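In the working numbering, the protein residues as written are 33 to 551.
No residue lacks a Cβ here, since even glycine has one placed at the ideal position from N, Cα and C.
As the structure is a prediction and not an experimental result, all values here were calculated from the model.
These notes concern the structure reproduced below.
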Ligand code: HXC
């Protein structure tokens, strides 16, 4: 009798599991998969090491009876939650299922997500959310807003404690976009994922503006215009594999060190090509990403925010197996000037690295902050100060290489010794000065030039004189602001020497509730 009972119970469990696997039903699932999108469960299969996923709360259902919802109770309530492994390391996950009431956020869905967020914080492991949701479940009203608020609170509490990563996998509207924007990295898929606070229909009603959802909040828009998305991917699978790659650079939590990987790239490898990279003409651009890829292990650089604020480059790489965060001016775009977007991009990246013990390596070629009314009226003072704040506040090892221009405030900001940086190197082509020679001469010799019989010739003569005196790295080296002027070929070796030397660096900021970064 008992045996039969057990069998019946096992059969019942199997049926319940099958029902849960079907999400919003076979028809909705097959419609969802049109266009190459994966289902919520398939996404977890790609993201996690094979066979490592353990699901929690599979049978949770919502409790709402409004507007016919009592007939739409699906086990799991539109989100698959649990834990698994990425390259053997523990991660917590949630994956929203758009086929169940549009993946919308119910009170019970929020409870499921909060449960794994709490476990992630307690066990010190990253949390990865795969969002595919129409926002707050409208039928539940304010209760679903309470659910969102609980998630947002946990996002904030977990910020800087465990890495938080979001994949935007479908149309995400309303509340579905705020949690991602608090997380550390947002990934989007071209032509199938969207983020907006209010959709095109509402916009048309309120402002009479006509805009497609692609233009308003597609992957291109957010990875090129707004900077809301850090990575823009071609399809679901690409996105999920890229999250795995990113995790390879990160520690599990703020008390861990980033994972060191063995490398066959010799630490003393010379970078001969760098000896010829910097053009003789200081106005001529060159590609700073060549410097980065030449120097780092196996020439591998994972660029973050590749398509936004391209006058600054940020991303992850390794030196002698140790993960580093790279921040570099790009002379090919806006001559490498710092503007509002570049300052915001680099400041946020720096703060991530500092939160998670990733040393910062900066490559500097910066003529200054971008001048103009547009920048001033949009608050370059406040936004530029974010970058200054982030560099000065960071206590991780900070190493800086000045390749060419390092002028004025931008010199101070970009990881200079003056902001507690640990190692400052300069190429012989470096120009570390208060400003460019031409600008300086126009100001300090204005009268002499005006009085001269041949103002143009006089300006040229004085500019050359100024260049000879100040446009070099040696004045800063004499002051100890530059530790060493190096042959560019030695860049990799010297940076690795520095990283190894600083391996046990300990520096703390004064105790305080928190600083007041100029937001
Ligand atoms: C309940 C929802 C829903 C929602 C979608 N659905 N969003 N149900 N609450 N928020 C349901 C739809 O009714 C539909 O059910 C199914 O999910 C699929 O949706 P479709 O509209 O058919 O899909 P699609 O054409 O792809 O459009 C996706 C969408 C659209 C762009 C996301 O559904 C949409 O605009 N939804 C509402 C978005 C929104 O305004 N959300 C804000 C909520 S308020 P059936 O049964 O017909 O298949 C909010 C405030 C939180 O989030 C603020 C916190 C700070």
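Query - Straight-line gap, residue 424 to residue 477 (C-alpha atoms, nearest Å) - result: Each residue's Cα considered, the two are about 34 Å apart.
Query raised in the report: Using 8 Å as the threshold, is the stretch 132-143 in touch with the stretch 160-167, meaning 3 or more CB pairs across them?
Result: These segments touch.
Report task. Report all residues from its chain with a CB closer than 6 Å to the CB of residue 302; omit the five preceding and five following residues, and keep chain order. Result -> Hits under 6 Å: 521.
Report task. Go through the stretch 248-289 residue by residue and report every complete run of the alpha helix (DSSP H) that reaches 4 residues or more, in order. Result -> With a minimum length of 4 residues, the continuous alpha helix (DSSP H) runs that stay inside the stretch 248-289 are 268-279.
Report task. Determine, using beta carbons only, whether residue 464 and residue 432 come nearer to each other than 8 Å. Result -> Not in contact: residue 464 and residue 432 (Cβ atoms no closer than 8 Å).
Query raised in the report: Which runs of the alpha helix (DSSP H) spanning at least 4 residues fall entirely within the stretch 395-480, listed in chain order?
Result: DSSP assignment within the stretch 395-480 yields the following whole alpha helix (DSSP H) runs of 4 residues or more, N-terminal first: 405-409, 412-425, 440-445, 469-476.
Query raised in the report: What is the DSSP secondary structure of residue 484, reduced to helix, strand or coil?
Result: Residue 484: coil per DSSP, three-state reduction.
Query raised in the report: What is the rounded straight-line gap between the Cα of residue 281 and the Cα of residue 355?
Result: Distance between the alpha carbons of residue 281 and residue 355: 6 Å.
**Report entry** Backbone CA spacing between residue 186 and residue 255 [nearest angstrom]
**Finding:** Near 25 Å, if we compare the C-alpha coordinates of residue 255 and residue 186.
Query raised in the report: Over what stretch of residues does the alpha helix (DSSP H) that includes residue 320 continue unbroken?
Result: It spans 320-327 - the alpha helix (DSSP H) in which residue 320 sits, taken as one unbroken run.
Query raised in the report: Does the beta carbon of residue 486 come closer than 8 Å to any beta carbon on chain C?
Result: The chain labelled as chain C is not found in the depicted structure, where only one protein chain is given.
Query - Supposed contact pair residue 147 and residue 607 - C-beta distance, whole angstroms, cut 8 Å - result: No statement about residue 607 is possible, as the shown extent of the chain runs from 33 to 551 and does not include it.
**Report entry** Residues bridged to residue 121 (per DSSP)
**Finding:** Answer is 118.
Requested in this report: Would you tell me roughly how many angstroms separate the C-alpha atoms of residue 292 and residue 273, rounded to the nearest one?
Outcome: Counting only the Cα atoms, residue 273 lies some 20 Å from residue 292.
Report task. Could you tell me if residue 99 is buried or exposed, where buried requires 16 or more neighbouring beta carbons within 10 angstroms of its beta carbon? Result -> With fewer than 16 other Cβ atoms within 10 Å, it is exposed.
Query raised in the report: Can you find a heavy atom of the ligand HXC that lies under 7 Å from the Cβ of residue 166?
Result: Yes, Cβ of residue 166 sits closer than 7 Å to a heavy atom of the ligand HXC.
Report task. Could you say which of 55, 466, 154, 318 lies nearest to residue 130 if we only look at CA atoms? Result -> Residue 130 has its Cα closest to that of 55, out of 55, 466, 154, 318.
Query raised in the report: Going straight from the alpha carbon of residue 81 to that of residue 393, what length do you get?
Result: Spanning the two alpha carbons is a distance of roughly 31 Å.
Report task. Using DSSP bridges, identify the partner residues of residue 334. Result -> Bridge pairing for residue 334: 348 [DSSP].
**Report entry** Check: residue 171 C-beta below 7 Å from any heavy atom of the ligand HXC
**Finding:** Residue 171 Cβ: within cutoff of the ligand HXC.
Query raised in the report: Which two residues bound the contiguous alpha helix (DSSP H) that contains residue 532?
Result: From DSSP, the alpha helix (DSSP H) with residue 532 extends over 523-533.
Requested in this report: Kindly indicate the opening and closing residues of the beta strand (DSSP E) around residue 162.
Outcome: Residues 159-163.
Requested in this report: Look at the Cβ atom of residue 304, then the Cβ atom of residue 341, and state whether they are nearer than 8 Å.
Outcome: No; because the gap between Cβ atoms is not below 8 Å, this pair is not in contact.
Query raised in the report: CB of residue 136 to nearest heavy atom of the ligand HXC: below 7 Å?
Result: Indeed, a heavy atom of the ligand HXC lies less than 7 Å from the Cβ.
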